[in-house]
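Have a look at the structure below before the remarks.
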Amino acid sequence: MLQALNDAALALVQFNGLTLAALNGYALGGGLSLAMACDVRIAERQIELGLPEGRLGLPPCGGSSCRLPQLVGDGWARRMALTGEALRAERALRIGLVDECVDAGFAKIVAISVADQASHTGPAAARAAKTLLQAERLPALRAAMEAELAAARARIDSAEQQEGAQAFFERRAPGWQQ
3 MLQALNDAAL ALVQFNGLTL AALNGYALGG GLSLAMACDV RIAERQIELG LPEGRLGLPP
63 CGGSSCRLPQ LVGDGWARRM ALTGEALRAE RALRIGLVDE CVDAGFAKIV AISVADQASH
123 TGPAAARAAK TLLQAERLPA LRAAMEAELA AARARIDSAE QQEGAQAFFE RRAPGWQQ
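Going left to right, the sequence shown walks through residues 3 to 180 as my numbering numbers them.
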């Protein structure tokens, strides 16, 4: 499953056209990873975005350890990854995690408008721009995904991960062993 998430995120990053995330519900964990892989993220005000994997005893995946600091800076990336804190859309906009924050029901409409604007750009020029914007970052993203996968595989079925999952299903705080 984690490899599939990496593959999907990488496919979004490498797609030679514009990719848009119209977020109208929770964007947590893998959902946020996929949204961060898109070129443009439009979020409705009521949603929350976050990386709660640590609360399950797992590290972030899907390229999040690379993309998140690129978007929000090191401080917010660390805060989100190390605390599992979920952010409301307006705060996500202020820190650069999303590109636009709209009222409920409007994310898809705005995304279509952005896609329409992009249709006025020369296709070859747009592909070249995307390739150039990704050229330096793609090797780092691939390396991060491999490291995330190795870290997750090392944690799966550990006592910590089992406690995190059990606590999640029982709707309680995990009782971590120090």
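C-beta atoms are modelled at their ideal positions from N, C-alpha and C, and glycine is treated no differently.
Which of helix, strand or coil DSSP assigns to residue i
i      : result
Gly98  : coil
Arg90  : strand
Leu53  : coil
Arg69  : helix
Leu143 : helix
Glu162 : helix
Ala106 : coil
Status (buried if at least 16 other CB within 10 Å, exposed otherwise) for residue i
i      : result
Pro210 : Beyond the ends of the chain as shown, which are 3 and 180, falls residue 210; an answer cannot be given.
Distance, residue j Cα to residue i Cα
i      : j      : result
Val100 : Ala45  : 7 Å
Ser160 : Phe108 : 42 Å
Met3   : Cys103 : 30 Å
Leu73  : Arg90  : 16 Å
Minimum C-alpha distance to residue i - residue among the options
i     : options                        : result
Leu53 : Val42, Arg139, Ala37 and Arg47 : Ala37
Cys68 : Arg129, Asn8 and Leu134        : Asn8
Limits of the alpha helix (DSSP H) - the one that residue i falls within
i      : result
Leu84  : Asp76 to Thr85
Ile114 : Ala109 to Ala120
Glu172 : Run containing Glu172: none; DSSP gives neither H nor E here.
Leu7   : Leu4 to Gln16
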